[in-house]
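Each residue of the sequence shown is one higher than the one before, starting from 66 at the first, in my numbering. Don't be surprised by glycine CBs; every beta carbon is placed ideally from N, CA and C. Since the model is a prediction, treat every value here as computed from it, not as a measurement. Please read the structure below before turning to the comments.
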Amino acid sequence: MTAGDERYWDAEVTSVAVTDHWRLQLEFADGYSGEVDVSHLRRKPGLLKDLRDPDYFARAFLDEEQGTVAWPNGMDVAAHLLRARAEQQASRQRSSERAVQRHKALADVPVRHAKAQRTRGHRDDEVRSEEHTSALQS
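And the structure:
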């Protein structure tokens with residue numbers, strides 16, 4: 066168990082929904098809810114190999130007695146590990162989204178600058194054209 070997992074030693078899953086193969090939407094007794102990707106389980110042997118079948122994975126259910134996610138073959142995943150993984154993945158997702166926003170903001174800067182130059186250039190051309198017209202009329 067890692068230090069991050071120890072924070073959730075008493076975690077309890079209160080709701081589970083399969084959103085995709087290897088993805089679970091979970092709610093916990095502490096009020097936290099989030100989606101967790103458990104695809105790391107696909108490389109594990111034994112009871113976990115049954116989960117490689119998407120239809121079997123979709124049979125996940127809430128084991129109310131244990132407060133975690135389980136499957137008909139008796140396989141379950143410790144709630145504290147699911148809680149830690151869900152929060153870790155959500156944190157990575159937020160970091161990734163912030164990085165994309167910063168990248169977009171930086172990418173927009175030169176475009177705005179170039180657009181301002183083009184607009185200013187057109188105005189300068191209009192002023193020169195008006196000056197030229199006035200000079201011809203004089």
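How many Å lie between residue 66 and residue 155 at the Cα? Caution is warranted here: a pLDDT of 43 is assigned to residue 66, below 50, making its placement in the model unreliable, and no coordinate value can be reported.
Burial state of residue 93 (16 or more Cβ within 10 Å): When all chains shown are included, residue 93 counts as buried.
Residues sharing a beta bridge with residue 90, DSSP: 82 and 100
For residue 120, report the span of its beta strand (DSSP E) as first-last. No beta strand (DSSP E) holds residue 120; the alpha helix (DSSP H) holding it covers 119 to 122.
Reference residue 103; option with closest CA among 135, 169, 131 and 72: Put simply, of 135, 169, 131 and 72 the residue whose alpha carbon is nearest the alpha carbon of residue 103 is 135.
Using the beta-carbon count (16 or more within 10 Å), is residue 68 buried or exposed? With a pLDDT of only 46 at residue 68, under 50, the local geometry of the prediction cannot be trusted, and no value is derived from it.
Name the DSSP bridge partner or partners of residue 127? 134
Taking the DSSP output, what are the residues bridged to residue 141? 135
Determine, using beta carbons only, whether residue 106 and residue 91 come nearer to each other than 8 angstroms. no
Does DSSP put residue 173 in a helix, a strand or coil? Three-state DSSP puts residue 173 in a helix.
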